[in-house]
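Enquirer:
There are 2 protein chains.
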Amino acid sequence: MDRPEVDELTPPDRTLMGPGPSDVHPRVLRAMSTPLVGHLDPAFVEIMDETQELLRYAFRTDNQWTIPVSGTGSASMEAAIGNLVEPGETMLVPTNGYFGGRMADMARRAGGEVVEVDAPWGEPLDPADVKNAFDEHQPDVFGFVHAETSTGVRQPSVPELTSIAHDHDAYVIADCVTSLGGVELRVDDWDVDVAYSGPQKCLSCPPGASPLTLNDRAMDKVLGREEPSRSWYLDLSLLEGYWGDERAYHHTAPITNVYALRESLRFVAEEGIEQRWDRHRDVAGALKAGVEAMGLEMNAADEFWLPSLNAVRVPDGVTDGAVIESLLANYDVEIAGGLGDLSGDIFRIGCMGHSARPGNVSFLVSALGETLREQGADVDVGAGTETVASEL
Amino acid sequence: MDRPEVDELTPPDRTLMGPGPSDVHPRVLRAMSTPLVGHLDPAFVEIMDETQELLRYAFRTDNQWTIPVSGTGSASMEAAIGNLVEPGETMLVPTNGYFGGRMADMARRAGGEVVEVDAPWGEPLDPADVKNAFDEHQPDVFGFVHAETSTGVRQPSVPELTSIAHDHDAYVIADCVTSLGGVELRVDDWDVDVAYSGPQKCLSCPPGASPLTLNDRAMDKVLGREEPSRSWYLDLSLLEGYWGDERAYHHTAPITNVYALRESLRFVAEEGIEQRWDRHRDVAGALKAGVEAMGLEMNAADEFWLPSLNAVRVPDGVTDGAVIESLLANYDVEIAGGLGDLSGDIFRIGCMGHSARPGNVSFLVSALGETLREQGADVDVGAGTETVASEL
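Chains as they are written, first to last, in full-length UniProt numbering: chain L, 1 to 392; chain E, 1 to 392.
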């Protein structure tokens with residue numbers, strides 16, 4: 001217990017092309033260095049209002065209940081599941097990726113029963129399977145992953161899924177961690193009851209305050225619970241006092257993280273949400289074309305490709321970990337390997353928010369190509385970089 | 001859902017002398033504007049190690065299990081209670097302030113039974129009452145508040161309390177939200193099993209990553225639970241994988257908040273923890289002497305006075321809200337009113353971390369005096385400011 005001697009903070013300067021966090025714009029970093037006001041200061045109340053308005057715009061919703069949860073993405077996820085699922089109720093979750101498993105774990109801890117709708121890792125859910133699962137299990141809550149960070153798969157046909165759920169009087173929770181602000185997402189038009197996200201993906205905001213939106217129908221369920229949710233910290237009926245009209249103390253909000261989220265969301269409004277989706281598709285499209293031209297294979301079929309998270313099959317002759325470490329050591333570029341069923345099989349390359357820039361993609365494709373070649377893979381680096389250049 | 005038009009972030013420049021957040025040092029703000037590395041980056045793992053080492057120093061502990069929880073102070077509080085209290089177990093909580101009530105609420109949500117040891121708001125617990133409560137209820141877990149932010153009371157005789165608990169084979173959880181880094185706290189010497197805190201009080205760090213420490217005995221209980229804790233996000237047996245030797249992914253840590261906490265804790269190490277306690281006592285002592293010389297009364301008896309949170313009785317002839325609003329509007333100074341049983345009866349004036357500076361205290365006492373006089377209270381402003389000047 002002697003005084004520790006710890007030096008000034010001097011982290012390396014990375015280019016973040018993994019599954020999150022993504023590169024943060026200097027304006028957002030500057031917002032984080034703004035001196036604090038109190039969490040009950042009238043000036044902060046105004047900042048809260050503005051942040052909520054900007055969040056609604058990004059989610060494409062008019063939901064009053066649109067707030068940043070005071071924690072990282074898994075906190076907004078547990079706020080959604082832990083408040084919606086009451087003890088004894090049944091939640092239907094998908095098996096086609098890592099985050100469906102996390103949904104199941106959270107639902108059980110909330111006191112719920114879990115039933116599953118199956119699809120292989122790397123494929124989306126089939127609406128017919130969802131309908132069958134509803135007919136068989138009559139779940140109260142249905143969770144699905146709009147953008148699966150573990151597999152690089154985008155779930156299409158969301159309105160079809162929500163319609164099946166509503167025909168069975170169930171509530172829909174959508175995991176939009178890797179889609180909000182980067183991939184088309186229309187909470188109101190698609191009739192999603194609850195959607196949550198993380199700030200450090202396509203919003204390019206440091207993690208710590210995480211978007212959540214609930215429609216009135218979902219919030220009525222939360223406010224009408226027979227017993228309180230199992231977390232005090234994440235209890236939305238209590239948070240209602242702070243983020244609602246009353247502005248009463250619940251807990252100290254992460255003030256600086258709200259500053260940063262507000263600034264990140266200002267970028268979304270400045271660019272325009274649809275233009276932002278287009279940019280992600282275009283820039284990530286060049287990345288995808290580049291790695292394919294190099295001779296690599298995407299894990300997801302083209303029609304389910306998720307621009308914000310590109311799952312690329314690890315080619316023969318190399319091990320994922322060595323490539324990832326080499327990219328970090330030699331190029332200061334972060335990408336990640338696979339999780340769960342896809343562990344060792346894929347690279348996960350993010351193309352999110354401020355990281356979804358032509359310069360980043362050129363650099364990444366060329367660095368990845370060189371590294372793979374050095375490690376012994378049979379890749380055509382020149383074809384890859386040329387394709388990127390022509391696509392961008 | 002039109003594009004919202006939200007201007008640049010321009011909050012007012014406040015002097016924060018309320019119950020938290022406190023003023024943040026420019027060096028910590030600068031740390032928050034540092035570009036991010038990934039939460040699994042080897043460089044971040046080193047930053048985690050350093051932060052843990054610095055936290056141990058501040059807590060005066062060798063506990064391996066010393067981490068920042070990814071949320072604000074109430075998250076570290078719920079991590080402590082939700083992991084230690086198992087369904088069917090009994091937790092003993094105090095009734096002498098706002099935060100004992102929150103402990104009770106969290107314990108019930110964890111599936112526990114709650115029993116109480118009474119003391120009036122504004123007084124500490126009497127060890128004899130604690131002993132009687134143990135003999136009567138034989139609780140499994142005992143929670144107490146070391147520094148009650150709602151009443152300005154410091155709990156003395158902590159070793160006596162922990163000894164009673166351990167004689168009854170119970171675990172002790174100490175709320176150190178408003179003491180860590182500002183008021184004498186010795187986790188190991190005092191035999192506290194679990195202690196939690198917030199960063200935005202005496203550490204003067206923006207909220208978002210909150211200190212928690214558990215000794216091996218407490219961690220063994222957590223790792224030996226029959227059923228998992230009711231929150232996935234705050235499950236310490238899962239966090240063990242990330243903050244322990246394995247460094248495996250659990251959730252995305254709030255990287256920037258960890259940067260800031262590390263920098264705040266570097267200040268603690270530079271100043272020296274005991275010197276820091278002394279500074280808080282001296283600077284807050286001048287504040288206390290000043291308000292008393294002005295004719296105001298402290299709510300807590302001198303022997304239980306909490307330097308970091310000064311509860312001052314609202315004098316006759318004024319209403320607390322009008323004074324607080326006037327201080328904010330005319331002086332940009334934040335203080336707060338009372339909560340619960342003391343609502344309307346006290347002002348809560350913080351003197352924490354970087355806010356515990358002579359300049360802040362001079363300014364606050366003079367601004368408070370002027371404001372009270374304007375609002376019709378019979379106070380001797382000159383005596384107050386003179387006393388502060390001579391004490392500092």
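In this text, a Cβ means the ideal position worked out from N, Cα and C, and glycines have one as well. Quick caveat, the model's predicted, so the values are computed rather than measured.
Using a beta-carbon distance below 8 Å, is E180(E) in contact with chain L?
Expert: It is worth fixing the name first, because residue 180(E) is Leu in this sequence and not Glu. No, L180(E) lies away from the interface with chain L (no Cβ there is under 8 Å from its Cβ).
Enquirer: Assuming A356(E) contacts A293(E) (C-beta within less than 8 Å), just tell me the rounded distance between them.
Expert: Not confirmed; about 19 Å, so no contact.
Enquirer: Here's the rule I'm using: 16 or more other beta-carbon atoms within 10 Å means buried, otherwise exposed. How should L203(E) be labelled?
Expert: Buried, since its Cβ has 16 or more Cβ neighbours within 10 Å.
Enquirer: So, at 7 Å on beta carbons, what are the nonlocal neighbours of W65(L) in its own chain, with the 5 sequence-adjacent residues on each side left out?
Expert: Only T213, L214 and M219 meet the Cβ criterion.
Enquirer: Where does the unbroken beta strand (DSSP E) through A119(L) begin, and where does it stop?
Expert: From DSSP, A119(L) is part of no beta strand (DSSP E); its letter is neither H nor E.
Enquirer: With DSSP as the reference, label V177(L) as helix, strand or coil.
Expert: Residue state, collapsed to three classes: coil.
Enquirer: Mind checking whether M298(E) and V312(E) have CB atoms under 8 Å apart?
Expert: Yes, these two residues count as a Cβ contact at 8 Å.
Enquirer: Please report the distance separating the alpha-carbon of A80(L) from that of E8(E).
Expert: Their Cα atoms are separated by approximately 31 Å.
Enquirer: Would you say N257(L) faces chain E, with C-beta separation under 8 Å as the test?
Expert: Yes - at least one Cβ of chain E is within 8 Å of the one on N257(L).
Enquirer: Per DSSP, which residues does R348(E) bridge with? Please list them.
Expert: DSSP lists A311(E) and A336(E) as partners of R348(E).
Enquirer: Taking E50(L) as the query, report the chain E residues whose CB atoms sit under 8 Å from its CB, ordered along the chain.
Expert: Ordered by position in chain E, the residues that pass the 8 Å Cβ test against E50(L) are P4 and V6.
Enquirer: With a cut-off of 8 Å, does the C-beta of A195(L) fall near any C-beta of chain E?
Expert: Judged by the 8 Å Cβ criterion, A195(L) is not in contact with chain E.
Enquirer: Taking three-plus beta-carbon pairs below 8 Å as touching, is the stretch 356–371 of chain E in contact with the stretch 325–333 of chain E?
Expert: Yes, the stretch 356–371 of chain E is in contact with the stretch 325–333 of chain E.
Enquirer: Which whole-angstrom value describes the C-beta separation of P120(E) and N96(E), a residue pair presumed to lie in contact below a C-beta threshold of 8 Å?
Expert: So it is a contact: roughly 6 Å between Cβ atoms.
Enquirer: How about P207(L) and T10(L): do their beta carbons lie closer than 8 Å?
Expert: Against a cut-off of 8 Å, the Cβ pair of T10(L) and P207(L) comes out as no contact.
Enquirer: Please identify the residue among D169(L), W277(L), L54(L) and G38(L) whose C-alpha is closest to the C-alpha of E184(L).
Expert: Comparing Cα positions, the closest option is W277(L).
Enquirer: If you draw a straight line from the C-alpha of F99(E) to the C-alpha of E148(E), how long is it?
Expert: Distance between the alpha carbons of F99(E) and E148(E): 7 Å.
Enquirer: H251(L) CB to nearest chain E CB: under 8 Å?
Expert: Output row for H251(L): interface = yes.
Enquirer: Counting contacts by CB-CB distance shorter than 8 Å, is W277(E) in contact with chain L?
Expert: So, not an interface residue.
Enquirer: At which residues does the beta strand (DSSP E) containing W305(L) begin and terminate?
Expert: Here W305(L) belongs to no beta strand (DSSP E), and DSSP marks it neither H nor E.
Enquirer: According to a CB-to-CB cut-off of less than 8 Å, which residues of the stretch 14–35 of chain L neighbour chain E?
Expert: Going along the stretch 14–35 of chain L in chain order, one finds R14, L16, G18, G20, P21, D23, V24, L29, R30, A31, M32, S33, T34 and P35 with a Cβ nearer than 8 Å to chain E.
Enquirer: Quick check on T319(L): buried or exposed, where buried means 16 or more other Cβ atoms within 10 Å of its Cβ?
Expert: Answer is exposed; the Cβ neighbour count stays below 16.
Enquirer: Can you find the residues in the same chain that come closer than 7 Å, C-beta to C-beta, to D62(E), ignoring five residues on each side of it along the sequence?
Expert: Taken in chain order, the residues that qualify are R56 and D188.
Enquirer: The stretch 203–235 of chain E: which residues have C-beta closer than 7 Å to a C-beta of chain L, in chain order?
Expert: Hits within the stretch, in order: P206, P207, G208, P228, R230, S231, W232 and Y233.
Enquirer: Put S150(E) into one of helix, strand or coil per three-state DSSP.
Expert: Correct three-state label for S150(E): coil.
Enquirer: Using a Cβ cut-off of 9 Å, pull out every chain L residue sitting near V37(E), in sequence order please.
Expert: Result: P11, P12, D13, R14, L16, P21 and E334.
Enquirer: For G181(E), is the classification buried or exposed, using 16 other Cβ atoms within 10 angstroms of its Cβ as the cut-off for buried?
Expert: The residue is buried, with at least 16 neighbouring Cβ atoms inside 10 Å.
Enquirer: What alpha helix (DSSP H) runs, 4 residues minimum, are completely inside the stretch 46–133 of chain E?
Expert: You should have 73–84 and 98–109.
Enquirer: With distances taken Cα to Cα, identify the nearest neighbour of L296(L) among G241(L), G317(L) and A133(L).
Expert: Cα-wise, what sits closest to L296(L) is G317(L).
Enquirer: Could you check whether the stretch 263–272 of chain L touches the stretch 106–123 of chain L, counting it as contact only if at least three pairs of C-beta atoms, one from each stretch, sit closer than 8 Å?
Expert: Because the criterion of three Cβ pairs below 8 Å is not met, the stretch 263–272 of chain L and the stretch 106–123 of chain L do not touch.
Enquirer: Which of the three DSSP states, helix, strand or coil, is assigned to M219(L)?
Expert: Three-state DSSP puts M219(L) in a helix.
Enquirer: Three or more C-beta pairs closer than 8 Å, one from the stretch 81–94 of chain E and one from the stretch 105–112 of chain E: is that the case here?
Expert: A contact exists between the stretch 81–94 of chain E and the stretch 105–112 of chain E.
Enquirer: From the DSSP output, which residues share a beta bridge with F142(E)?
Expert: In DSSP, F142(E) forms a bridge with L92(E) and V172(E).
Enquirer: Is it buried or exposed for Q155(L), if we count other Cβ within 10 angstroms and need 16 for buried?
Expert: Label assigned to Q155(L): buried.
Enquirer: In the DSSP assignment, find the beta strand (DSSP E) that holds P211(L) and state where it starts and stops.
Expert: Start and end: S210 to L214.
Enquirer: Check whether the stretch 18–28 of chain E and the stretch 235–252 of chain E are in contact - that is, three or more C-beta pairs closer than 8 Å.
Expert: Judged by Cβ distances under 8 Å, the stretch 18–28 of chain E makes no contact with the stretch 235–252 of chain E, as fewer than three pairs qualify.
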